[in-house]
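From first to last, the protein sequence lines stand for chains A and B. Position 53 of the first sequence, counting from 1, maps to 52 under numbering that gives the first Met the number 0, and the rest follow consecutively. Position 187 of the second sequence, counting from 1, maps to 186 under numbering that gives the first Met the number 0, and the rest follow consecutively. Each residue gets a CB set at the ideal place from its N, CA and C atoms; glycine is no exception.
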Amino acid sequence: MNCRHIINKLSAYLDGELTGEEMLMIRRHVNECESCSNELATVRKTKLLLSRLRTAMPREELLGDIMLCLDHPSSSRVRTFWEAHRYILANNFARAGFAAALCGLFLIAVFANYTGTGRVNAGYVGSQYMAMIDSSSNGFTRMPNVPGMPYCISNDRPLQVVGDKSPYADGQMVVSAAVFSQ
Amino acid sequence: MELTCSVTEESRGQDRRLFDQLMAKHHKQAYNVAFRMSGNHSDADDLTQEAFIRAYRFFGQYKRDMPFEGWLYRIMTNVFIDGLRRKPKSVVRSLDQPISGDGNDCYMEIEDKGIGPEDAMLSSEVEAKIQDALKTMPEVFRLTVIYADIEGLSYEEVAEATRTNVGTVRSRLHRGRRMLREKLGDMDGLI
Numbered sequence: 000m001n002c003r004h005i006i007n008k009l010s011a012y013l014d015g016e017l018t019g020e021e022m023l024m025i026r027r028h029v030n031e032c033e034s035c036s037n038e039l040a041t042v043r044k045t046k047l048l049l050s051r052l053r054t055a056m057p058r059e060e061l062l063g064d065i066m067l068c069l070d071h072p073s074s075s076r077v078r079t080f081w082e083a084h085r086y087i088l089a090n091n092f093a094r095a096g097f098a099a100a101l102c103g104l105f106l107i108a109v110f111a112n113y114t115g116t117g118r119v120n121a122g123y124v125g126s127q128y129m130a131m132i133d134s135s136s137n138g139f140t141r142m143p144n145v146p147g148m149p150y151c152i153s154n155d156r157p158l159q160v161v162g163d164k165s166p167y168a169d170g171q172m173v174v175s176a177a178v179f180s181q
Numbered sequence: 000m001e002l003t004c005s006v007t008e009e010s011r012g013q014d015r016r017l018f019d020q021l022m023a024k025h026h027k028q029a030y031n032v033a034f035r036m037s038g039n040h041s042d043a044d045d046l047t048q049e050a051f052i053r054a055y056r057f058f059g060q061y062k063r064d065m066p067f068e069g070w071l072y073r074i075m076t077n078v079f080i081d082g083l084r085r086k087p088k089s090v091v092r093s094l095d096q097p098i099s100g101d102g103n104d105c106y107m108e109i110e111d112k113g114i115g116p117e118d119a120m121l122s123s124e125v126e127a128k129i130q131d132a133l134k135t136m137p138e139v140f141r142l143t144v145i146y147a148d149i150e151g152l153s154y155e156e157v158a159e160a161t162r163t164n165v166g167t168v169r170s171r172l173h174r175g176r177r178m179l180r181e182k183l184g185d186m187d188g189l190i
């Protein structure tokens, strides 16, 4: 066993947490190797320092306060809940807002790409915007990049398309106006 | 039905009495561990309270023939790690550095509520130095060093408290002590 292996086991050796055979082997090595012997002395000093730390004493009322919390579990639960969540609330507010915005965008994207059969999820009657018409299914896809385009609020209003229709190669058409019947 | 209720209540009362006894016996020791983990009295107070409240909530799962402190330390470790996840990283402010540097420098003063110097085993400076060094260590190493070297738990008990195995404890303790030694520098002047 080389010094590196011995050094890795010096803490356990000092704590008596090795097998008898390992203990003997390390003892023999340390007696012969100055470097490992110095290392053992330093580990011993570190352990000694830590063991000499004062015991930190709690305030006198602590025990009574804990018992009080146990006597009134509801109040302690409220406090615990608040303690547990205040940091989350404080630190993740912006993150939660961002997540909500992302969810919103996702929903918008889902509805914006709706290709129904002439029924839409939302829209204003007589609103002027471009819509992509899927002539094969008589449905349409609303274009999310049109400024001022109304997004979904109500459900399933029948769609009637009016205005100029320009056929596209892929079978879709662009209309200049779309009317949603009531 | 009434009999069942009264038996349950009686057993709950017995549990509470037993828990109170165990708490009275171990709360100082638990507080000391909490203080070494957190590095300040306010957080140690919170950590101790939360640990005992959680321990009471799960007291039914405590095996009566096992040492209570080992079980409690396991809960404390969880509470401590949970707290670290929730809390923002604390700002470390040096007491030697002025608070503002705009010509109106003032220094922080902290009331010393500790015991008198005649009772101290180590000087306050050395204590503070060790506590600072502990605080800068990664949590898993800090917990292992605290349980093994300050509380004097065996490797098996440390493994139980930190939910790991003895081999990991051995390695963490070795690395933890090395980290501490590097942070403390020359220790001959400290002892």
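CB contact below 7 Å: residue i versus chain A
i	result
Ile-80(B)	no
Asp-42(B)	no
Gly-148(B)	It is worth fixing the name first, because residue 148(B) is Asp in this sequence and not Gly. At least one chain A Cβ lies under 7 Å of Asp-148(B).
Ile-74(B)	no
Arg-16(B)	no
Arg-176(B)	yes
Gln-13(B)	no
Leu-179(B)	yes
Residue from the options whose Cα sits closest to the Cα of residue i
i	options	result
Glu-159(B)	Ile-74(B), Arg-141(B) and Leu-83(B)	Ile-74(B)
Thr-54(A)	Gln-60(B), Arg-53(B) and Lys-27(B)	Lys-27(B)
Pro-66(B)	Thr-135(B), Lys-24(B) and Asp-148(B)	Lys-24(B)
Val-139(B)	Gly-12(B), Arg-176(B) and Lys-128(B)	Arg-176(B)
Leu-143(B)	Phe-18(B), Asn-164(B), Gln-13(B) and Leu-21(B)	It should be noted that the sequence gives Thr, not Leu, for residue 143(B). The residue with the shortest Cα to Cα distance from Thr-143(B) is Asn-164(B).
Ala-127(B)	Pro-57(A), Arg-51(A), Gly-96(A) and Leu-9(A)	Arg-51(A)
Leu-61(A)	Ile-52(B), Lys-134(B) and Arg-84(B)	Ile-52(B)
Straight-line Cα distance separating residue j from residue i
i	j	result
Cys-68(A)	Glu-33(A)	57 Å
Glu-181(B)	Gly-63(A)	41 Å
Ser-153(B)	Leu-48(A)	18 Å
Ile-25(A)	Ile-5(A)	6 Å
Gly-15(A)	Lys-8(A)	10 Å
Glu-156(B)	Gly-69(B)	7 Å
Leu-172(B)	Arg-16(B)	37 Å
Ala-95(A)	Met-22(B)	39 Å
7 Å CB neighbourhood of residue i in its chain, flanking five on each side removed
i	result
Ala-43(B)	Tyr-30, Ala-33, Phe-34 and Ser-37
Cys-2(A)	Cys-32, Ser-34 and Cys-35
Ala-100(A)	none
Beta carbon of residue i nearer than 7 Å to that of residue j
i	j	result
Ser-11(A)	Arg-169(B)	The amino acid at residue 11(A) is misidentified as Ser; the sequence shows Ala. Yes, these two residues count as a Cβ contact at 7 Å.
Ala-147(B)	Leu-183(B)	no
Leu-39(A)	Val-29(A)	yes
Asp-14(B)	Phe-58(B)	yes
Thr-76(B)	Thr-167(B)	no
Val-78(B)	Ala-50(B)	yes
Val-42(A)	Leu-13(A)	yes
Leu-179(B)	Thr-45(A)	yes
Ile-65(A)	Gln-60(B)	no
Within-7 Å CB hit, residue i to chain B
i	result
Cys-32(A)	no
Proximal residues to residue i (C-beta, below 8 Å), its chain only, five neighbours per side dropped
i	result
Leu-46(B)	Ala-33, Met-36, Ser-37, Met-75, Val-78, Phe-79 and Gly-82
Thr-135(B)	Lys-182
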